[in-house]
Amino acid sequence: MTKHDELPIDHDDPLISFLDKSIKVAIKILAILMVAVIFWGVADVVYVFYQKLIQPPFMLLVLSDIFKVFAAFLAVLIAIEIFQNIILYLRTDVIPLKLVVVTALVAMARKIIIIDFNEVMPMHIFAVGFVVLALGVTYYLVGKK
C-alpha cells in the first residue's frame, strides 16, 4: 500500500479528534452488525438448502433450486468480503481498494449466476458484462502497482 496523509490520532483540534474517534466507533458498530448479517445469512443458506431438499422429489435438487442455494451462499460470501473490508479499514485507516474490487467482482458473479436470461433485456446483459469488464481492468491495474 502506498503512503498517504492520515489524520493524526492526537489532532490539535479537539472537535476533529472527537469526530475521528466517533467515526471509528461507528465503523466498529458496522463490523458487529455485519457479523450478525453473516450469521443470519448462514442460517438462511441452511434453511433454503433444507427447504429445497425436503420438497418433492425428496433429496434431489433441480437446476433452479441449485441456483437459489448458490445465490444465498454467494450473498453470505459477499457479506464476509464486506466484513473483511471493514476490518482492514479499522486496522490501517486505508480503504483496501483491491479487496473492494474483488468484493464487487463476487457481487457481479452472483448477479450473473442468478440472472434469468429469459426475463431481462439484452441491454441489461450488456451492462452487466461491461461492469464485469471494467472491474476486471480495475483489478488488473490495481494489482500492477
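Mapping of the sequence shown onto our numbering: residues 1250 to 1394, in sequence order. We treat Cβ as the ideally placed atom computed from N, Cα and C, and that holds for glycine. Fair warning: this is a prediction, and the values are worked out from it, not measured in the lab.
Through-space distance from residue j to residue i, alpha-carbon basis
i: Thr1352; j: Val1291; result: 18 Å
i: Ile1409; j: Ile1287; result: Here the chain has residues from 1250 to 1394 only, and residue 1409 is not among them.
i: Lys1277; j: Asn1367; result: 42 Å
i: Phe1298; j: Trp1289; result: 14 Å
i: Ala1356; j: Ala1324; result: 8 Å
i: Asp1314; j: Lys1360; result: 16 Å
i: Leu1282; j: Pro1305; result: 36 Å
i: Asp1262; j: Ile1374; result: 50 Å
i: Gly1378; j: Leu1264; result: 46 Å
i: Ile1364; j: Val1386; result: 23 Å
i: Pro1371; j: Lys1393; result: 33 Å
DSSP state of residue i mapped onto helix, strand, coil
i: Asn1367; result: coil
i: Phe1307; result: coil
i: Asp1269; result: helix
i: Ile1335; result: helix
i: Val1343; result: coil
i: Asp1261; result: coil
Integer-rounded CB distance, given that residue j should sit under 8 Å from residue i
i: Ile1362; j: Phe1316; result: 6 Å
i: Leu1339; j: Ala1383; result: 28 Å between Cβ atoms; not a contact.
i: Leu1312; j: Lys1301; result: The pair is not a contact, with the Cβ atoms about 11 Å apart (cut-off 8 Å).
i: Tyr1388; j: Val1343; result: With a Cβ gap of about 17 Å, Tyr1388 and Val1343 do not count as contacting.
Same chain only: Cβ atoms within 8 Å of residue i, ignoring 5 sequence neighbours per side
i: Leu1348; result: Glu1330, Gln1333, Asn1334 and Leu1337
i: Val1318; result: Val1294, Val1297, Phe1298, Lys1301 and Leu1310
i: Leu1354; result: Val1381, Leu1384, Gly1385 and Tyr1388
i: Lys1273; result: Leu1339
Contacting residues, own chain, Cβ-Cβ under 7 Å from residue i (five flanking each side not counted)
i: Leu1346; result: Val1391
i: Ala1285; result: none
i: Ala1376; result: none
Neighbourhood of residue i by C-beta distance below 6 Å, restricted to the same chain and skipping five residues each side
i: Ala1321; result: Asp1293, Val1294 and Val1297
i: Val1381; result: Met1357
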